[in-house]
Ligand SMILES: Cc1ncc(COP(=O)(O)O)c(C=O)c1O
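Residue numbers (the numbering used here): 8 to 386.
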């Protein structure tokens, strides 16, 4: 089945009692036993919920995986992956990882005895050199947030597999429509479903997908034991959203390409970072391992003052954290999403005070380019 068919049908069947086409919101915390110990496969709402199961099967199908697990946030999903480890284990992590992931690893997981090395995973030699005897996980974000650096997944998986190390990819920026890491041999994929997967800026959620049965058993155990599960209503909202994921992603991509062109042609910006642009140092890799480039563009406006002026001058783009929604947003990562990343590490990866991140929505292309051009004329 192709993506656009799976997004509408995978995990969803007409409901048993009425034939309702849309999976209902099973708003229940528990299920009645017909006799003591006799259930219909459902015992308690934290452990299992039919609306959540439908979403988990839907997302697993979209990532070409066998098992899906949903969580109450993207961070709960990241935390669950980290909890597959134990004290004494070592993790290699993409240096320009999402600020919240860095905070979780550095301010919580290190206290549990897990060790992290932050490495430019876009250079596979650096990844190779960082491997220790106790390395258990290579945690990759590609493209990264907000520098949009790519990691060669096939090459990294080759290194990891030769050493028996598990790989996990945060695929939030590409969504399952543009990139499927499991197809390239990655063990675990995770998303902040808050972003493109839900796409309507009305749910916080996360998910993990794998095809490895042993990893899936552990994730199921952790999901039930730590209990960071999404509500049935949130699952229903996300299921409603995945039905249009392909169409939304194509539009994000088209609009971002148009805006990237306008930004570059303006001659007013020192650096436009977008994997879909030929000037991106990893444009060839982007074409190879992704089937589109997504809707995120980062621009370096040289100074904090210019970044502030640009953000304030935009009309359609709203100043807000988050990304991946149908509406266009602009964000200043240093003061908003990446405040918890230390200044020296930020500077090392090029995350300057003048950097602004655009999350290009699916509004009309002409309106968006006009908005950007007008804001630029202000600089
Ligand atoms: C790449 C990435 N991963 C994970 C997260 C965390 O997701 P959530 O905000 O849903 O907890 C975010 C949030 O911005 C993100 O951008």
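By construction, the Cβ of each residue, glycine as well, lies at the ideal position given by its N, Cα and C atoms.
Check whether the stretch 206-221 touches the stretch 72-92, counting contact only when three or more Cβ pairs, one atom from each stretch, lie closer than 8 Å.
yes
Shortest alpha-carbon distance to residue 10 belongs to which of 131, 58, 185 and 126?
Taking the first residue of the chain shown as 1, we reach residue 10 at position 3. Nearest option by C-alpha distance: 185.
Leaving out five residues on either side along the sequence, give the residues of the same chain with a beta carbon under 8 Å from the beta carbon of residue 117.
On the chain shown, position 110 is the one that residue 117 refers to. The residues are 123.
Cβ shell of residue 231 (< 7 Å), same chain only, five flanking positions each side left out:
For the purposes of this step, residue 231 is identified with residue 224 of the chain shown, where counting begins at 1. Taken in chain order, the residues that qualify are 53 and 54.
Roughly how many angstroms separate the alpha carbons of residue 262 and residue 139, rounded to a whole number?
By 1-based counting over the chain shown, the position of residue 262 is 255. By 1-based counting over the chain shown, the position of residue 139 is 132. C-alpha separation (whole angstroms): 43 Å.
Could you spell out where the alpha helix (DSSP H) holding residue 384 opens and where it closes?
Translated into the one-based positions of the chain shown, residue 384 becomes position 377. Where residue 384 is concerned, the enclosing alpha helix (DSSP H) stretches over 372-384.
Shortest alpha-carbon distance to residue 179 belongs to which of 317, 148, 111 and 295?
Here residue 179 is taken as the residue at index 172 of the chain shown, counted from 1. Of the candidates 317, 148, 111 and 295, the one whose C-alpha sits nearest the C-alpha of residue 179 is 148.
Starting from residue 315, trace the alpha helix (DSSP H) both ways and give me its first and last residue.
Position 308 of the chain shown, counted from the first residue, corresponds to residue 315. Residues 311-320.
Pick out the complete alpha helix (DSSP H) segments inside the stretch 22-91, 4 residues or longer, and give them in chain order.
Qualifying alpha helix (DSSP H) stretches, in chain order: 57-69 and 81-89.
Quick one: Cα of residue 365 to Cα of residue 46, how far?
Along the chain shown, one-based indexing puts residue 365 at 358. Along the chain shown, one-based indexing puts residue 46 at 39. Residue 365 and residue 46: Cα-Cα distance of roughly 49 Å.
Please work out which residues of its chain come closer than 8 Å, Cβ to Cβ, to residue 258, disregarding the five sequence neighbours upstream and downstream, and give them in chain order.
Here residue 258 corresponds to residue number 251 of the chain shown, with the count starting at 1. So the list reads 369, once near-sequence residues are dropped.
Taking the continuous beta strand (DSSP E) assigned at residue 336, which residues delimit it?
Here the question's residue 336 lines up with position 329 in the chain shown. Residue 336 -> beta strand (DSSP E) spans 336-338.
If you draw a straight line from the C-alpha of residue 312 to the C-alpha of residue 294, how long is it?
On the chain shown, position 305 is the one that residue 312 refers to. On the chain shown, position 287 is the one that residue 294 refers to. Straight across, the Cα-Cα distance linking residue 312 with residue 294 is about 35 Å.
Which of the three DSSP states, helix, strand or coil, is assigned to residue 173?
Along the chain shown, one-based indexing puts residue 173 at 166. In this structure, residue 173 counts as strand in the three-state DSSP scheme.
Residue 201: CB within 7 Å of a non-hydrogen atom of ligand 1:
Residue mapping note: residue 201 aligns to position 194 of the chain shown, counting from 1. It does: the Cβ of residue 201 is within 7 Å (strictly closer) of some heavy atom of ligand 1.
Where do the N-terminal and C-terminal ends of the alpha helix (DSSP H) with residue 12 fall, by residue?
The residue labelled residue 12 in the question sits at position 5 within the chain shown. Run containing residue 12: 10-16, per the alpha helix (DSSP H) assignment.
Measuring straight from C-alpha to C-alpha, what distance separates residue 236 and residue 183?
The residue labelled residue 236 in the question sits at position 229 within the chain shown. The residue labelled residue 183 in the question sits at position 176 within the chain shown. Answer to the nearest angstrom: the Cα atoms are 21 Å apart.
Leaving out five residues before and five after residue 173 in sequence, what residues of the same chain have Cβ atoms less than 8 Å from its Cβ?
Stepping through the chain shown from its first residue, residue 173 is reached at position 166. Cβ neighbours of residue 173 beyond the five flanking positions: 91, 143, 144, 145, 167, 194, 195 and 222.
Can you tell me whether residue 115 is buried or exposed, with buried defined as 16 or more other CB within 10 angstroms of its CB?
Residue 115 sits at position 108 when you count from the first residue of the chain shown. Residue 115 should be labelled exposed.
Return yes when at least one heavy atom of ligand 1 lies under 7 Å from the C-beta of residue 108, else no.
Position 101 of the chain shown, counted from the first residue, corresponds to residue 108. Correct: residue 108 has its Cβ closer than 7 Å to ligand 1.
Tell me whether residue 82, by its Cβ, gets closer than 7 Å to a heavy atom of ligand 1.
As a working note, residue 82 is residue 75 in the chain shown. Relative to the non-hydrogen atoms of ligand 1, the Cβ of residue 82 comes within a distance shorter than 7 Å of at least one.
Can you tell me where the alpha helix (DSSP H) holding residue 246 begins and where it ends?
Translated into positions along the chain shown, residue 246 becomes position 239. 239-249 is the extent of the alpha helix (DSSP H) around residue 246.
Keeping to the same chain, check which residues put their C-beta closer than 7 Å to that of residue 245; ignore five residues upstream and five downstream.
Here residue 245 refers to the residue found at position 238 of the chain shown. Counting only residues of its own chain and dropping the five nearest sequence neighbours on each side, residue 245 has a CB closer than 7 Å to the CB of 62, 200, 204, 205, 210 and 212.
Alpha carbon to alpha carbon, what distance is there between residue 326 and residue 318?
Numbered from 1 along the chain shown, position 311 holds the residue referred to as residue 318. Numbered from 1 along the chain shown, position 319 holds the residue referred to as residue 326. One C-alpha to the other measures close to 7 Å.
Residue 400 burial status per 10 Å Cβ neighbour count (16 or more: buried):
There is simply no residue 400 to check, as the chain begins at 8 and stops at 386 in what is shown.
When you measure from the CB of residue 177 to every non-hydrogen atom of ligand 1, does any distance come out below 7 Å?
Translated into the one-based positions of the chain shown, residue 177 becomes position 170. Yes, since a heavy atom of ligand 1 falls inside the 7 Å radius drawn around the Cβ of residue 177.
Can you tell which of 41, 87, 373 and 15 has the C-alpha that lies nearest to the C-alpha of residue 229?
Numbered from its first residue, the chain shown carries residue 229 at position 222. Nearest C-alpha to residue 229 among 41, 87, 373 and 15: 87.
Leaving out five residues before and five after residue 265 in sequence, what residues of the same chain have Cβ atoms less than 8 Å from its Cβ?
Translated into the one-based positions of the chain shown, residue 265 becomes position 258. Same-chain partners within the cutoff: 372, 375 and 376.
Would you say residue 211 touches ligand 1, meaning its beta carbon is less than 7 Å from a heavy atom?
The residue you call residue 211 lines up with position 204 of the chain shown. Within 7 Å of the C-beta of residue 211 there is at least one heavy atom belonging to ligand 1.
Beta-carbon within less than 7 Å of residue 188's beta-carbon, same chain only, minus the 5 sequence neighbours each way: which residues are those?
Position 181 of the chain shown, counted from the first residue, corresponds to residue 188. The answer, listed in chain order, is 160, 176, 178 and 196.
For residue 89, which of 104, 111, 270 and 79 has the nearest alpha-carbon?
Residue numbering aside, residue 89 sits at position 82 when the chain shown is read from its first letter. Selected option, being the one with the closest Cα: 111.
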